[in-house]
Structure formats: structure tokens, C-alpha cells
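Visitor:
Chains as they are written, first to last, in the numbering used here: chain L, 11 to 107; chain P, 72 to 397.
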């Protein structure tokens, strides 16, 4: 079953789960405490994520949420803030199996 | 501004008609899954998943028992167009990503020349454009031959390196190096794969081991797409073409995702970037362009008259692109 959309419609429940998981997983990926995050928290400029750690975060999100994220279309603009990343993941996730 | 390759005679100059006459490539038989490379370097298994799943790197080829000389010789041995014409070779250029590959006084290049009847040629190593050095070597070869003006003279450009240290095995979170070699015959008066343009841009502020320098690494990542797109577009413009007239881009095999993003950014169809080798060879140092050229020819991805582009980025950092007419 498709959990993501890719058609403009965004699953708000999934988006919330993605947002919560990002906050939970960031310290693991960065190997340090990050404190609370908001939609506007800048992943690269503020938290120091690099493209490699960003991809690691996406993998962790896949495991945590038991989804597959289609990253082919991901662009820099999808990774600037926590909110943008949550939107992208919620829009490009499909359930495993 | 994008400075163009070197001073003096350049592609497009009336005296320079650099052309690639023949390319031969070699890949060792042993296929090593990315997971084995990651485990050997004591990295988290998550890294292997990241490379395979997101970066499109699955395996590399290695010859653990072979020397660098063996690797380069295997490339030259496959270059049928060289056989019987060794005496026409004026220059042998070894284009290298890594500045140091063997302890002094070993010199596999000179040993190769001795073994292949090329010891009359002027042989030297070209380096410091990292993984973009192959393009620099083609440019230098063509300009040297043009300056000599000797009819029928050839230059032999060699590429291929051993994955002998950690830094020669992996760029963390970005790429995995594999072994392989290429041998390429360049001439100054041919019409096969005629060089139309060369753009190169060295940004020395990125010199340093990025793994140890997070701020430098961040700014390199940020500027990389524009710098690479910059030389690609400069080379295309210098050739008097537009990007949609380029049939195929032969990339450096750093990973799949960065080329997908760059293609989108430039509005170039990713299907016209030859990425098929990335999963099966990894990043074969400066040999990627030649390996990808050989694949393009093998798979009939280039027709006579097609304009194709070779592009590469080298850590340090140099961004280069060349346009050819097939």
C-alpha cells in the first residue's frame, strides 16, 4: 500500500511521525545532543548535517518508520530545514513490503 | 570566471586538433561487495547500506595481489592500436589522482615504458587535479604534440591506481574507490573524438583532507554543484554548442545521486549521463572517463558526429569538462 503520495496530497499523520522521528534520531546521527527542533530548524547551517549525515538520517528514518523513501528527486531545497525534510519524506515514503 | 586549460595553444586554437584515437580499459576480475570494503575499514554497517541504497555503489573490482605496474600494463596490453606503432609515441603521460603512489625510487611508469618498447618517449606523471587529472593529461598531450608538429606522432595517456590506503579506498559518505586502468592514444591531427573544448577551474581554498575539516567540507558541498555545472556549461559554450546538443555526459563515477541532482539542476536528462558503471566499478580514480567512454562505445551510445562531454571533479579542488565530437 502506498503510504506516501507524490501527488500533492500530504498524509498529515505520517508527516507528524516523520517530524517526531527526526527530532528523536538527530542526536544518534550527529553523535551529540541537539535539543528540541522545530519546523524552521536549519539542518545544515544550524545543526551541521552534511550530505552523508543527511543520507544516514534518511536511512534511520526508513528503519524507524518501516518505510522506503524514494530519494531520486531529493534536492538541496528539501533538506534545508526539519520541516522541509519532513514534507519530503512524508511525500516520498512507501511502506515496506 | 572559468579559466580555460593552461596557456598557449588551446583546444579551438588553429594549431591544436587534439583527438583521441583509441581507448583500452582493464578491470580486475575480483568483484568485492561494498559491505566488505566498509567492514574492512571498520565503519558502521549503516555506511554500507548508505552507499548501496542511496549512492548507488554496490561493488568494486580489485586485484589484491597485483602491483600498480601490473594494473597499468594490463591497460596498455589491451590497446591494439598501439601495437607496432610504439616508435610513433613521443609522450607517455600517467594521469594520477593521488600525488604519491609508490615509494622512491620505484617508478612503475618508467618500468612500463621499458617493458613496452616505449623508453624513447618522454614519460612523466601529471597530477594535482586529483580525479580530474585525466582531462588535464589529454589537454597537455594534445598541446605538446601540436607544438612539436611531427606528423603521425602519438601520446599515450595512462590512468589507474591501487586502493592502497584508507584515503585511496573511500571518501566517507561519498564514494568508494575501485581498481582498474585505461590506456588512451592521443594525436594532434586526427578526426576521431576530436576535442572541441576544455574548461577547468581550480579552487585551491578547498585543499585539505575534508574528513578532518568539517567547515571546509560544508562549503565544498555547498559550492560543488555550481562549480561542476559551471565548467560543464563553459566547455559547452566554448565548443559553440548548447547543452541540449550534447548527446552524452561521461561522468566521474563518484556516485549516482550527485549526478542525478546535478543533471536536474542543469536541466539535462539524467538518462544521457552514463551512470551504468558506478554500481559495478565504483570510482576508478582518473580512469572513470575512459572506462565510461569504452562502455558508451560498446553499448552503441555514441554515433559518428555525436558531441559528448567528459566531466570530473577532483578533491583539492579542480572541476573540469571537455567536449568532443565522436
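Heads up, the beta-carbon is just placed ideally off N, CA and C, and yes, glycines get one too. Being a predicted model, the structure only gives us computed values, none of them experimental.
From the DSSP output, which residues share a beta bridge with residue 170 of chain P?
Guide: Answer by DSSP bridge pairing: none, since residue 170 of chain P is not bridged.
Visitor: Work out the CA separation of residue 37 of chain L and residue 281 of chain P for me, nearest whole Å.
Guide: 22 Å
Visitor: Who are the near neighbours of residue 374 of chain P in its chain, counting only those whose CB is closer than 8 Å to its CB and skipping five residues on each side?
Guide: The residues are 318 and 397.
Visitor: Taking Cβ-Cβ distances shorter than 8 Å, what residues in chain L pair up with residue 362 of chain P?
Guide: Result: empty, since nearest Cβ-Cβ is about 24 Å, beyond 8 Å.
Visitor: Determine the extent of the beta strand (DSSP E) in which residue 255 of chain P is found, giving its start and end residues.
Guide: 252-258
Visitor: Compare the Cα-Cα distances from residue 142 of chain P to each of P:249, P:114, P:192 and P:170 and report the closest residue.
Guide: Looking only at P:249, P:114, P:192 and P:170, the smallest Cα-Cα distance to residue 142 of chain P is reached by P:249.
Visitor: Which residue from P:290, P:194 and P:322 puts its Cα closest to that of residue 363 of chain P?
Guide: P:322
Visitor: To the nearest angstrom, how far is the alpha carbon of residue 309 of chain P from that of residue 200 of chain P?
Guide: Answer to the nearest angstrom: the Cα atoms are 21 Å apart.
Visitor: What does DSSP give as the partner residue(s) for residue 195 of chain P in the beta ladder?
Guide: P:164
Visitor: So, with DSSP's three-state summary, where would you put residue 158 of chain P?
Guide: helix
Visitor: Could you tell me whether the Cβ atoms of residue 269 of chain P and residue 388 of chain P are closer together than 9 Å?
Guide: no
Visitor: Within this structure, are the beta carbons of residue 390 of chain P and residue 276 of chain P separated by less than 9 Å?
Guide: no
Visitor: Mind listing the chain L neighbours of residue 121 of chain P? Cutoff is C-beta to C-beta under 9 Å, in chain order.
Guide: 62, 65, 66, 68 and 69
Visitor: Taking 9 Å as the CB-CB cut-off, is residue 318 of chain P touching chain L?
Guide: no
Visitor: Does residue 15 of chain L come within less than 9 Å of chain P when only Cβ atoms are used?
Guide: Unreliable placement is indicated for residue 15 of chain L, whose pLDDT of 45 sits below 50; the coordinate value is still reported in the next sentence. No, residue 15 of chain L does not count as interfacial toward chain P.
Visitor: Measuring alpha carbon to alpha carbon, tell me which of P:303, P:376, P:119 and P:126 ends up nearest residue 348 of chain P.
Guide: P:126
Visitor: For a cutoff of 9 Å on Cβ pairs, would you count residue 334 of chain P as touching chain L?
Guide: Not an interface residue.
Visitor: Would residue 243 of chain P and residue 114 of chain P be called neighbours here (beta carbons separated by less than 9 Å)?
Guide: yes
Visitor: Where does residue 398 of chain P fall in DSSP's three states?
Guide: Residue numbering for chain P in the displayed model covers 72 to 397; residue 398 of chain P lies beyond these limits and cannot be assessed.
Visitor: Nearest by alpha-carbon distance to residue 351 of chain P: which of P:105, P:343 and P:288 is it?
Guide: The residue with the shortest Cα to Cα distance from residue 351 of chain P is P:105.
Visitor: With a CB to CB cut of under 7 Å and the five nearest residues on each side skipped, what residues in its chain are close to residue 73 of chain P?
Guide: For residue 73 of chain P, the predicted model reports a pLDDT of 41, less than 50, meaning its position is unreliable and no value from the coordinates is stated.
Visitor: Would you report the Cα separation of residue 204 of chain P and residue 156 of chain P, rounded to the nearest angstrom?
Guide: Spanning the two alpha carbons is a distance of roughly 25 Å.
Visitor: Give me the subset of the region 287-318 of chain P whose CB atoms are less than 7 Å from a CB atom of chain L, sorted by chain position.
Guide: Along the region 287-318 of chain P, the positions whose C-beta sits under 7 Å from a C-beta of chain L are 288, 289 and 292, read in chain order.
Visitor: For residue 181 of chain P, which of helix, strand or coil comes out of DSSP?
Guide: helix
Visitor: Could you pull the DSSP bridge partners for residue 383 of chain P from this structure?
Guide: P:391
Visitor: Please list the partners that residue 337 of chain P has in chain L, where partner means a Cβ-to-Cβ separation under 9 Å.
Guide: Near residue 337 of chain P there are no residues of chain L at all, since even the closest Cβ is about 13 Å away, more than 9 Å.
Visitor: Between the region 73-97 of chain L and chain P, which residues of the former have a C-beta closer than 7 Å to a C-beta of the latter?
Guide: Result list: 81, 82 and 85.
Visitor: Go ahead and pull the three-state DSSP assignment for residue 264 of chain P.
Guide: Note: residue 264 of chain P maps to coil in three-state DSSP.
Visitor: Under 6 Å Cβ to Cβ from residue 295 of chain P, same chain only, skipping five residues before and after it: list those, please.
Guide: none
Visitor: Given a threshold of 16 other Cβ atoms within 10 Å of its Cβ, counted over all protein chains shown, does residue 27 of chain L qualify as buried or as exposed?
Guide: buried
Visitor: So with CB distances below 8 Å, who are the chain L contacts of residue 125 of chain P?
Guide: Those are 65, 68, 69 and 81, listed as they occur along chain L.
Visitor: Under the three-state reduction of DSSP, which class applies to residue 248 of chain P: helix, strand or coil?
Guide: strand
Visitor: Does DSSP classify residue 189 of chain P as helix, strand or coil?
Guide: Coil at residue 189 of chain P, not helix or strand.
Visitor: Under a Cβ-count criterion, where at least 16 other Cβ atoms within 10 Å of its own Cβ denotes burial, should residue 129 of chain P be classed as buried or exposed?
Guide: buried
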